[in-house]
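Below: one structure, written as structure tokens.
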Amino acid sequence: MATPSLLCHFAALTLLLLAGGGARGLQEDEFLDGQLTLVVEDALEGGPDPVFTPRSTIQVRSVKSGSAVISHTRTWTAELDTKLRTLADNNDLYRIRVYQKGSEDKGHVSTFTKACQMYESSLTETLSLVVDGGGTSVVGVGIFPPVAVCGGEAPLDLPVQHNTTVIIRSPIPAPVPDTATYIEKLEAMKNEKAEGKDNRSFLAKYWIYIVPVVLIMVLFGGGQEGGR
Ligand SMILES: *[C@@H]1O[C@H](CO)[C@@H](O)[C@H](O)[C@H]1NC(C)=O
Numbered sequence: 003m004a005t006p007s008l009l010c011h012f013a014a015l016t017l018l019l020l021a022g023g024g025a026r027g028l029q030e031d032e033f034l035d036g037q038l039t040l041v042v043e044d045a046l047e048g049g050p051d052p053v054f055t056p057r058s059t060i061q062v063r064s065v066k067s068g069s070a071v072i073s074h075t076r077t078w079t080a081e082l083d084t085k086l087r088t089l090a091d092n093n094d095l096y097r098i099r100v101y102q103k104g105s106e107d108k109g110h111v112s113t114f115t116k117a118c119q120m121y122e123s124s125l126t127e128t129l130s131l132v133v134d135g136g137g138t139s140v141v142g143v144g145i146f147p148p149v150a151v152c153g154g155e156a157p158l159d160l161p162v163q164h165n166t167t168v169i170i171r172s173p174i175p176a177p178v179p180d181t182a183t184y185i186e187k188l189e190a191m192k193n194e195k196a197e198g199k200d201n202r203s204f205l206a207k208y209w210i211y212i213v214p215v216v217l218i219m220v221l222f223g224g225g226q227e228g229g230r
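Spelled out as structure tokens, the structure:
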């Protein structure tokens, strides 16, 4: 009956150790570089069912250093500018969505800002992209035009193109529990218990009881012997 229980303990310990080792391995992994190409689409029509068209491509060079290159794949025309102005005039939203190139089926992340902010910022924006730790997929996007509050002022010139600053971030990895050390500690505690917590010598432990007995024996025993 002892063998299965022992086996169980061993299996559990092995699993824990493996889990600890695996988590540590993942943390030390380098981010994959240059693996991720993202497509940015936007909707300039507005309405309840907006139509998205591709506007830019982002090549994520390194998640670790946050380096990425954006290229705008659509020419900004007077027609597009009119569409954006109409959105702004209607107090509508400027919507974008981002997906991994070639993996449209995996879905997309999206965000929006007020169209007037985009319009009054002359297409200047900061795109913040959250990329998973392995650098293999995009998990979030934010858009931040420098104009935070619309003043109703139109830009003087027609913007030439989107003026985008890209920020690449990855979720901060959670601290990994140090399973191996914990198990060692547990084992040490178990051993201590098995051996008995108090490993002082017999005399050191029981001198309080021994000394009076010896004293009494010396005093009375000696007295009796002397009396004979
Ligand atoms: C592009 O954006 C930067 C700040 O991100 C700004 O300093 C610059 O003036 C903008 N250029 C144009 C043409 O709007």
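Under my numbering, the first residue of the sequence shown is numbered 3, with each subsequent residue one higher.
The C-beta atom is built at its ideal place from N, Cα and C for all residues, glycine as well.
Residues that DSSP places opposite residue i in a beta bridge
| i | result |
| --- | --- |
| A70 | V62 |
| E43 | P56, R99 |
| T167 | T128 |
| L38 | V62 |
Cα-Cα separation, residue i to residue j
| i | j | result |
| --- | --- | --- |
| R171 | A117 | 25 Å |
| K85 | L46 | 6 Å |
| P147 | F114 | 11 Å |
| G106 | E43 | Looking at the sequence itself, residue 106 is Glu, so the reference to Gly does not match. Rounded to the nearest angstrom, the two C-alpha atoms are 12 Å apart. |
| K187 | E194 | 11 Å |
| T79 | V162 | 8 Å |
| V111 | L160 | 29 Å |
| G48 | T183 | 57 Å |
| E197 | L217 | 32 Å |
| I72 | P179 | 38 Å |
| I174 | S58 | 27 Å |
| L38 | R76 | 20 Å |
| G68 | T88 | 35 Å |
| V140 | L125 | 23 Å |
| A156 | D83 | 11 Å |
| E81 | G137 | 37 Å |
### Task
Evaluate the contact criterion for the region 99-110 versus the region 158-173: three or more CB pairs, one atom per stretch, below 8 Å.
no
#### Entry: Completely contained beta strand (DSSP E) runs for the region 95-163, where each covers 3 or more residues
95-102, 111-116, 126-133, 140-146
### Message
Would you call the region 57-68 in contact with the region 129-138, where contact means no fewer than 3 C-beta pairs closer than 8 Å?
### Response
yes
### Message
Using a strict less-than 6 Å threshold between each residue's beta carbon and the heavy atoms of ligand 1, what residues do you get?
### Response
S124, T126, N165, T167
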